[in-house]
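*Asks:*
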Amino acid sequence: MLVRIGERAVITLDPALDGRSRRVALAHELIHDERGGGCDEPGTPAGWDAVVARDEAAVDREVARRLVPAAGLRRWLEERFSVDDAVALWEVAEAFDVDEATAARALSFVDAHPTPAG
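So for the sequence shown, the numbering used here puts the first residue at 415; every next one is plus one.
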């Protein structure tokens with residue numbers, strides 16, 4: 415949770431989260447802070463559920479891009495596929511120290527955003 419108090423922002427993380435989930439949650443809240451906060455802050459108009467959901471999804475995509483960089487993921491996948499023909503989602507999550515949802519988002523970018531040859 416990100417709360418603004420004047421010029422300051424306070425991020426509170428659930429102590430029940432495991433290490434990977436805490437890392438992802440912190441990145442998520444820091445990105446909200448960079449962007450100026452979330453759409454679900456006090457004073458957000460009622461009925462903005464779709465806007466809030468779109469903003470949360472955009473932040474989650476950015477978390478995946480930052481914590482699982484595309485070039486690093488491609489290299490890791492190339493190495494893995496050179497010795498095995500399958501990779502489990504949990505293996506990607508473990509390799510990049512993220513939760514499986516973030517790993518899945520990062521994997522969705524592999525084909526969608528190829529890196530330039532060179």
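The beta carbon of each residue, even a glycine, is placed where N, CA and C say it ideally should be.
DSSP state of Val501, grouped into three classes?
*Replies:* The answer is coil: DSSP assigns Val501 none of H, G, I, E or B.
*Asks:* Buried or exposed for Thr516, please, with buried defined as at least 16 other CB atoms from any protein chain shown within 10 angstroms of its CB.
*Replies:* With 16 or more Cβ atoms within 10 Å of its Cβ, Thr516 is classed as buried.
*Asks:* Please classify Ile445 as buried or exposed, where buried requires at least 16 other C-beta atoms within 10 Å of its C-beta.
*Replies:* Classification of Ile445: buried, given that the 10 Å Cβ count is 16 or more.
*Asks:* Is it the case that the Cβ atoms of Glu514 and Ala507 are separated by a distance below 7 Å?
*Replies:* It is a contact, given that the beta carbons lie within the stated cut-off.
*Asks:* Just verifying my parser: in three-state terms, what is the DSSP assignment at Ala472?
*Replies:* In the structure shown, Ala472 sits in a helix (DSSP, three-state: H, G or I).
*Asks:* How about the region 429-445 and the region 498-512: do they share at least three Cβ pairs that are nearer than 8 Å?
*Replies:* The region 429-445 is in contact with the region 498-512.
*Asks:* What does DSSP give as the partner residues of Ala423 in its beta bridges?
*Replies:* Bridge partners of Ala423: Arg418.
*Asks:* Just curious, the alpha helix (DSSP H) that Asp511 is in, first and last residue?
*Replies:* Unbroken run through Asp511: none, as it is neither H nor E.
*Asks:* Is Ala441 near Val477, with beta carbons less than 7 Å apart?
*Replies:* Contact: yes.
*Asks:* Could you give the DSSP three-state label for Ala484: helix, strand or coil?
*Replies:* Three-state result, Ala484: helix.
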